[in-house]
Each structure stands twice: as C-alpha cells, then as structure tokens.
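K.L.:
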Amino acid sequence: MPLLRTADESQIGRSTYRDSETKYTGTQNVKNTTAVMVALVAAVGCIVAAIAAGQVTAQDAVTVNQQGVENHFPDGLRFFIDAESASQIDEIRVYVRKLGQSSRTTYRAVEFEPGNAISGEALFQSKTSNEYIPTGTRLEYHFDIRTADGSNFQTEPETIVYLNTDLNWDSKSSGLIDVYYYEYDELSEIRAEAVLQVAAETYEFMRPILGVELREPMSIVVYSDYDHMREALNPSSQVAARHLRTLGKAFSNERTLLVDGSRDAGVGDNTLTTTAHEFTHLLVADASGSAYSQVHAWLNEGLAVYSERQPGNEYERFMRNAIFNDRVPPLVGLRTFAGTPQETLRAYGQGHAVVSYMLAAYDPVLMKELFVNLRTTYNFGKALSASYGVTVPELDNAWRESVGLAPRDLSTPPPPPLQVLPTRRAQAPAEAPASTEPAPAAAAPAATAQPTPTAAPAPTYTPAPPPTPAAPAGGGCGAAPEQSGTVPAELASLMLLGAPVGLIALAGFRRGRRRIDND
420 MPLLRTADES QIGRSTYRDS ETKYTGTQNV KNTTAVMVAL VAAVGCIVAA
470 IAAGQVTAQD AVTVNQQGVE NHFPDGLRFF IDAESASQID EIRVYVRKLG
520 QSSRTTYRAV EFEPGNAISG EALFQSKTSN EYIPTGTRLE YHFDIRTADG
570 SNFQTEPETI VYLNTDLNWD SKSSGLIDVY YYEYDELSEI RAEAVLQVAA
620 ETYEFMRPIL GVELREPMSI VVYSDYDHMR EALNPSSQVA ARHLRTLGKA
670 FSNERTLLVD GSRDAGVGDN TLTTTAHEFT HLLVADASGS AYSQVHAWLN
720 EGLAVYSERQ PGNEYERFMR NAIFNDRVPP LVGLRTFAGT PQETLRAYGQ
770 GHAVVSYMLA AYDPVLMKEL FVNLRTTYNF GKALSASYGV TVPELDNAWR
820 ESVGLAPRDL STPPPPPLQV LPTRRAQAPA EAPASTEPAP AAAAPAATAQ
870 PTPTAAPAPT YTPAPPPTPA APAGGGCGAA PEQSGTVPAE LASLMLLGAP
920 VGLIALAGFR RGRRRIDND
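Residue numbers (this note's numbering): 420 to 938.
#1: Going by DSSP, what residues sit across from Ile-939 in a beta bridge?
#2: Indicate the three-state DSSP secondary structure (helix, strand or coil) for Asp-782 in the structure shown.
#3: Are the CB atoms of Phe-543 and Val-515 nearer to each other than 9 angstroms?
#4: Counting beta carbon pairs with one atom in the segment 562 to 580 and one in the segment 662 to 672, are three or more of them shorter than 8 angstroms?
#5: Between which two residues does the alpha helix (DSSP H) carrying Leu-701 extend?
#6: Can you tell me the Cα-Cα spacing of Asn-744 and Leu-824, whole angstroms?
#7: List the whole-angstrom C-beta distance separating His-715 from Leu-764, where the pair is believed to meet the contact cut-off of C-beta under 8 angstroms.
#8: Is the beta carbon of Asn-549 sitting closer than 9 angstroms to the one on Gln-507?
#9: Touching or not, the segment 595 to 608 and the segment 699 to 708, by the rule of three or more beta carbon pairs under 8 angstroms?
#10: Check each candidate in Asn-587, Ser-804 and Glu-608 and name the one with the smallest Cα separation from His-647.
#11: Which residue wins for smallest C-alpha separation from Met-625, given the options Asp-688, Tyr-601, Arg-746 and Phe-790?
#12: Classify Glu-577 as buried or exposed, calling it buried when 16 or more other Cβ atoms lie within 10 Å of its own Cβ.
#13: Would you call the segment 619 to 638 and the segment 787 to 803 touching, i.e. three or more CB-CB distances under 8 angstroms?
#14: Count the other CB atoms within 10 Å of the CB of Glu-620; is the residue buried (16 or more) or exposed (fewer)?
#15: Starting from the Cα of Glu-605, find the closest Cα among Ser-681, Met-777 and Lys-517 and give me that residue.
#16: Can you tell me the Cα-Cα spacing of Gly-539 and Ala-706, whole angstroms?
#17: Can you look up Ala-757 in the DSSP assignment and give me helix, strand or coil?
#18: Return the first residue and the last residue of the beta strand (DSSP E) that Glu-489 is part of.
#19: Below 8 angstroms on the Cβ atoms is my guess for Ala-780 versus Ser-806; work out the distance and round it to an integer in Å.
#20: Considering only their Cβ atoms, is the gap separating Val-678 from Val-940 smaller than 9 angstroms?
#21: Apply the 10 Å Cβ neighbour rule to Thr-759 and answer buried if 16 or more other Cβ atoms are within range, or exposed otherwise.
#22: Whole angstroms are fine: how far does the CA of Val-747 sit from the CA of Asn-816?
#23: Taking the alpha carbon of Glu-575 as the point to measure from, which residue in Arg-497, Val-483 and Gly-495 has its own alpha carbon closest?
#24: Confirm, please, whether the CB-CB distance from Val-751 to Pro-812 is below 9 angstroms.
#25: What does the Cβ neighbour count give for Ser-709, buried or exposed, with the cut at 16 atoms within 10 Å?
#26: Does the distance from the CB of Leu-778 to the CB of Tyr-734 come in under 9 angstroms?
#27: Which class does Gln-729 belong to by DSSP, given the choice of helix, strand or coil?
#28: Looking at Val-529 and the ligand SAM, is the gap between the Cβ and the nearest heavy atom below 8 angstroms?
#29: Under DSSP, the alpha helix (DSSP H) around Gly-534 begins and ends at which residues?
#30: State the Cα-Cα distance for the pair Glu-608 and Lys-591, rounded to the nearest angstrom.
#31: Please list the terminal residues of the continuous alpha helix (DSSP H) segment that includes Glu-608.
#32: Can you name, in chain order, every residue of its own chain whose Cβ lies under 7 angstroms from the Cβ of Arg-794, other than the five neighbours on each side?
#33: Go ahead and label Pro-533 buried or exposed: buried means 16 or more other beta carbons lie within 10 angstroms of its beta carbon, across all protein chains shown.
#34: What number of angstroms, rounded off, separates the C-alpha of Asn-732 from the C-alpha of Thr-675?
#35: Starting from Phe-531 and walking both ways along the alpha helix (DSSP H), at which residues does that stretch end?
#36: At what residues does the beta strand (DSSP E) containing Ser-593 begin and finish?
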C-alpha cells in the first residue's frame, strides 16, 4: 500500500483518497463593480445574489466520486480523480505545494478524455535533482476542475507526507517537530525518541541565538539501515554515496531532515550529533528566510558545529593544528567550502571558532540582529557591518588576535569570495621563490627579514565556551560518542549553500583516524 499520511488520518502509510458522492463547492470569479451612486448598491447586491444562486445550481451538477494520490517511491507521486458533471469537463489541474519555506505552488495537467464522466491522472516525478522530493516532505494538494459552461471547481486541500513505501512507518512528535521512524530493531523507537529530544533541545538552545520561532512543522526521517537512506537520497547524492557516506542531509525549502540512524561499526553511531548539526541548518534557514543563500558557509557550519556542544571534536583538532602552523585561510574566502577533506574539516573548525568568538566577545543579541539585517539587505557583508560594526576581514583579524595570530594586512585586496584557496603557509622574502633548491645552512641569516615560526608552544585555541545550559540528558548531544564527528557534505562539489546542506563522512578516513587515536 502507498505510504503516505493525510491531514485527517492518524496512520502513516495510507493512500489518500475520497470515495463518495460528495459534491465539492466550486468558486466563480464575481467582479465587483465600484458603486458610483449610492442608489446602485441595492441593484449590485441583487445581481450578486442571483449569481450565487446560479452557482449553487451549477455546483450540484458536478460530483467527485474519487480523488487521491498514490506513492510510487522513489519515482514520485500519481494523483488521480474520477468526476461527473452535467456540463462537459474540459480541463483538470492538480496543484501541489510543499509546506515549508516556499509558498510556491506548482501544478500538473490531469490527463483524461473530455466528457461528462471522466477518469484521469497526473504524475509528479522524483527522479532528477530538479524534480526531487525529499522524504519527510509535507505536501498539500487540490484539484481544479473546469467545465464547458465556464465554471471551475476546487476540491478541498489534502496533506500528505512522502516516505519510502516498503517500510512500516511510525512517528513521534513534540508539536512542531515530527520524527518518522520504522520498525527495524528493539532500539528503533528509543532512537526516535532520542532524536526528537535532541532536536527539541537544539531548538531551545539556538532559538535565542538566532532569534527564530518555529511556526510550521519540521520533519526528521530516521533511517535505521543505511541502504534505506541511500535509496532516499537525491540522484547526485546517490552517485557520491558510492564513495562517501551521508550521515545527514537537511532540505530547508521542504523543512525536512534525513538522518542515518544505523549503528555501523565502520563509522560509529553519529545519530544525535548529526541531528543537532543538521537541525541547526533548518533553524538558520528559518532565521534568514529567503536570504538563506547569502549566509556564508563559515557562519552556517560554525553555528551547526556550535549547536553540537561537543568540545574537543575533530574540527577543533584540525583548527588547533592550523593555528599552530599559521595555516588559517582568510575568512572572506570561506563563503563556500572547497578543497581536500582535511581542508574542509579545518574550515568547519574555523567557522566554529569564529562563531564561538562572536558569541563571547560581542553582545550575543547581535547574532540575532545579523539575521534580521540579512533578511532586509540580502547582503551578508552589509548585514554584518550593520549588526557588529565590522567587515568580514575586520572580524577575521579580531578573531586571529584572540587566538594569538598576527592580523592580516587589510590594505591588500582580499581574494574573490568563491576562490578555492591553497593552504596558507608562512610568508617568505620576495626573492626566495627564485630558487627551488633548499637554502644552505649558512644562508639562514638572510631570511631574518621575516622571522619563521619556532617550535615554541602552540597558541592555545580555546574557543569561548558556549552558554552553559545543563548538559542534555538521555538522548542529548552529549550522549553521542566522542568520535562521532563527521566530514562535510558533497565533497565532490562542496557548494554547501548552493544545494541542500548535508553532512557526509569518509568511512576510510574515520577508521584511519581511530587507528591513530588508538595508537
């Protein structure tokens, strides 16, 4: 059976349809003419009443016998309708709206043979990135019926949830956060409850920071088997999944999040930290609204790592090493992330460090103001200046000084924001690049124009501690294992803000890191 949920059904996994002789109330456009003389008001009222009476008569001639939708996951949805009318039915459209950030409604023409009694269908596909429907997406649909006499009629809106068809789904909810899970093992329900708790705690923790209030539901789909989750990923991610493992992926427009809830020995149990991280991306999207694409990756990912509330994570270790060697790229170059997995891990750590600094060194309310300004300016640089009074390079320098690094020379034009930056190394004298041979020992004094780093103790990277709410109990972020860090999403393209945000781990890299840690 199709696995969908309608607005009036308590069970998940039911096909939504209506099988009755219900006659749907139609709508006809009545153009009100502005009364110029008071005496015409009564006449206009009589005309409107006459039209309304005729409309009711016409409505009685249209009957919808059956209408609904079938889930053909992963290919998409099939909408169907059977209807009768005294006047020939010429056209039917099904309008579908994703209940989320966007209010845009799309439609498909229902295919049928015109007549007084019709049966037709329309397909919404989910086979390509452009037509992809993430699981957990809530959709609202209705049919619009037009007849030969010029009337048109609309069915009542129905709501469905798009999920895998071969799994026995159940749900947990806190009101505005819905967690969908299926029977897999004895821990399936416990895992779903832990995910719901972490999402609720993450919302309470990040709400005052982002200034966001949930008003529409968000969905979290927990997969207890990674093969089930791989099947639900969009086509581009399915290709990447041959080499990478997607631990979680957030879809801001659809307000849904996919989480790998499996307990794979190769990657460990990352369910709770992934939930906190990816759920924060949905909150950031809510806070920035239609300006979400303007949020720089270092801030978006920095806030997501901050929400995990796990000091000593692997991002932080990469960041400490970068600070020690002064290989920290300019913040202005991290509007998007690109590079090797190690460079991306370092970028996550840098974003986390800068976000922690911003929340500790400035009034925390300024972060909320940043998103308010972003929604009005649609420009990240202007929003940052309006709220914090600094530019991105100036913020970068302030943070560098806080961790013991020398400020950058701001007189040099910064590189383009989308440039893929090489790893920053210690600067050498201008004439040094002329020779590729190692400098002899006697030539060392010539390089004293710019001192090289010594083996002195590394500057201590101590990101400002976040506010100290009580550690999450039970399934909170702190319940995840220490080695539950992840490698960022879509490493093949690393355009995290140009596509749905995700969090992907390289299983081989994690196993290698664990071997190093164990040694």
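In this text, a Cβ means the ideal position worked out from N, Cα and C, and glycines have one as well.
Values in this document were obtained by computation on a predicted structure and should not be read as measured data.
P.N.:
In short:
#1: It is not possible to answer for residue 939, since the shown part of the chain is limited to 420 through 938.
#2: Three-state DSSP puts Asp-782 in coil, outside helix and strand.
#3: Yes, Cβ-Cβ distance for Phe-543 and Val-515 is below 9 angstroms.
#4: At 8 angstroms Cβ cutoff, the stretches do not touch.
#5: For Leu-701, the enclosing alpha helix (DSSP H) stretches over residues 690 to 707.
#6: Cα-Cα distance, rounded: 10 angstroms.
#7: Not quite, the Cβ-Cβ distance comes to about 18 angstroms (not below 8 angstroms), so this is no contact.
#8: Taking a C-beta distance under 9 angstroms as the contact criterion, Asn-549 and Gln-507 do not qualify as a contact pair.
#9: The segment 595 to 608 and the segment 699 to 708 do not touch, with fewer than 3 CB-CB distances between them shorter than 8 angstroms.
#10: Out of Asn-587, Ser-804 and Glu-608, the CA that lies nearest to the CA of His-647 is found in Asn-587.
#11: Taking Met-625 as reference, the option from Asp-688, Tyr-601, Arg-746 and Phe-790 with the minimal CA-CA separation is Phe-790.
#12: It counts as buried.
#13: Cβ pair count under 8 angstroms is three or more, so yes.
#14: The residue is buried, with at least 16 neighbouring Cβ atoms inside 10 Å.
#15: Looking only at Ser-681, Met-777 and Lys-517, the smallest Cα-Cα distance to Glu-605 is reached by Ser-681.
#16: Each residue's CA atom was taken as its position, placing Gly-539 and Ala-706 some 41 angstroms apart.
#17: In the structure shown, Ala-757 adopts coil according to DSSP, grouped into three states.
#18: From DSSP, the beta strand (DSSP E) with Glu-489 extends over 481 to 490.
#19: Actually they are not in contact, since the Cβ atoms of Ala-780 and Ser-806 sit about 14 angstroms apart, beyond 8 angstroms.
#20: With the chain running from 420 to 938 in the structure shown, residue 940 is simply not present.
#21: When all chains shown are included, Thr-759 counts as exposed.
#22: Going by the C-alpha atoms only, they are around 11 angstroms apart.
#23: Taking Glu-575 as reference, the option from Arg-497, Val-483 and Gly-495 with the minimal CA-CA separation is Val-483.
#24: In this structure, the beta-carbon distance from Pro-812 to Val-751 falls below 9 angstroms.
#25: Classified as exposed, Ser-709 has fewer than 16 neighbouring CB atoms from the shown chains inside 10 Å of its CB.
#26: No; because the gap between Cβ atoms is not below 9 angstroms, this pair is not in contact.
#27: Reduced to three states, the DSSP call for Gln-729 is coil.
#28: In the structure shown, the ligand SAM is absent, as is every other ligand, since no ligand is present at all.
#29: For Gly-534, no alpha helix (DSSP H) segment is defined; the enclosing uninterrupted segment is the beta strand (DSSP E) at 534 to 544.
#30: The alpha-carbon atoms of Glu-608 and Lys-591 are separated by roughly 9 angstroms.
#31: Its alpha helix (DSSP H) spans residues 607 to 629.
#32: Leaving aside the five residues that flank Arg-794 on each side, the residues in its chain whose CB is nearer than 7 angstroms to its CB run, in chain order, Ser-707, Gly-708 and Ala-710.
#33: Of the other Cβ atoms in all chains shown, fewer than 16 fall within 10 Å of the Cβ of Pro-533; this residue is therefore exposed.
#34: Answer to the nearest angstrom: the Cα atoms are 26 angstroms apart.
#35: Neither: Phe-531 is in no alpha helix (DSSP H) and is coded neither H nor E.
#36: Careful: Ser-593 lies outside any beta strand (DSSP E) and carries neither H nor E.
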